[in-house]
Amino acid sequence: MSKPKHPRTLAETEAQAIARNIRVSPRKLNLVAALIRNKPAAQAVATLTFSKRRIAQQVKKTLESAIANAENNHQLDVDQLVVLRAEVGKSIVMRRFHARGRGRSARVEKFFSHLKIVVAERAAEAETTEQKAA
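For the sequence shown, the residue numbers in our numbering are 64 to 197.
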């Protein structure tokens, strides 16, 4: 016998993608993640495509994976998807040493991050009421 299936933590209208151990500090990754939070998925992809930050391409890849998961695994409408959450977490820290003058050394810390993107399907009526309110 196998163990019971893990219950789904997301709602039926949500899908996610996770990228682990990305070689960038969480502070820098959070700046890019803030660009796409609460935006329509198509607009978020366009924003990341033309971003000058190095890490934006990996964030875009993760976002496209979340969109593909929504379409293929959960049969959600791609045109209605919105980036619900873009969570950034801390991962490992590699510590290295850098030679300094007079026989001394300095510690160099190389940070890694985790990224979790959750996209959700929003109804067309809800988007129009939000646009009227703004």
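C-beta: ideal position from N, C-alpha, C; glycine also.
Bear in mind the structure is a predicted one, so any value in this text is a computation, not a measurement.
Could you please give the first and the last residue of the uninterrupted beta strand (DSSP E) stretch that includes residue i?
i   : result
E77 : 77–85
Indicate whether residue i and residue j have their beta-carbon atoms separated by less than 8 Å.
i    : j    : result
V95  : L147 : no
V108 : K123 : yes
R185 : R170 : no
L126 : I85  : no
N101 : V151 : no
T76  : L139 : yes
A80  : S114 : no
E134 : V141 : yes
F174 : P103 : no
Just curious, the alpha helix (DSSP H) that residue i is in, first and last residue?
i   : result
P70 : That residue, P70, is in no alpha helix (DSSP H); it is neither H nor E in DSSP.
P89 : 89–99
What whole-angstrom Cβ distance do residue i and residue j have, given they're in contact under 8 Å?
i    : j    : result
I180 : A131 : Incorrect: roughly 12 Å between the Cβ atoms, too far for contact.
S105 : L111 : Residue 105 is actually Ala in this sequence, not Ser. Rounded, the Cβ-Cβ distance is 11 Å, inconsistent with contact.
F160 : S168 : 5 Å
Q121 : A82  : 7 Å
Here's the rule: buried if 16 or more other CB atoms are within 10 angstroms of the residue's CB, otherwise exposed. What is residue i?
i   : result
V87 : buried
S65 : exposed
> If you scan the region 110–184 from start to end, which runs of the beta strand (DSSP E) of 3 or more residues do you find wholly inside it?
Replying inline: 144–162, 168–184
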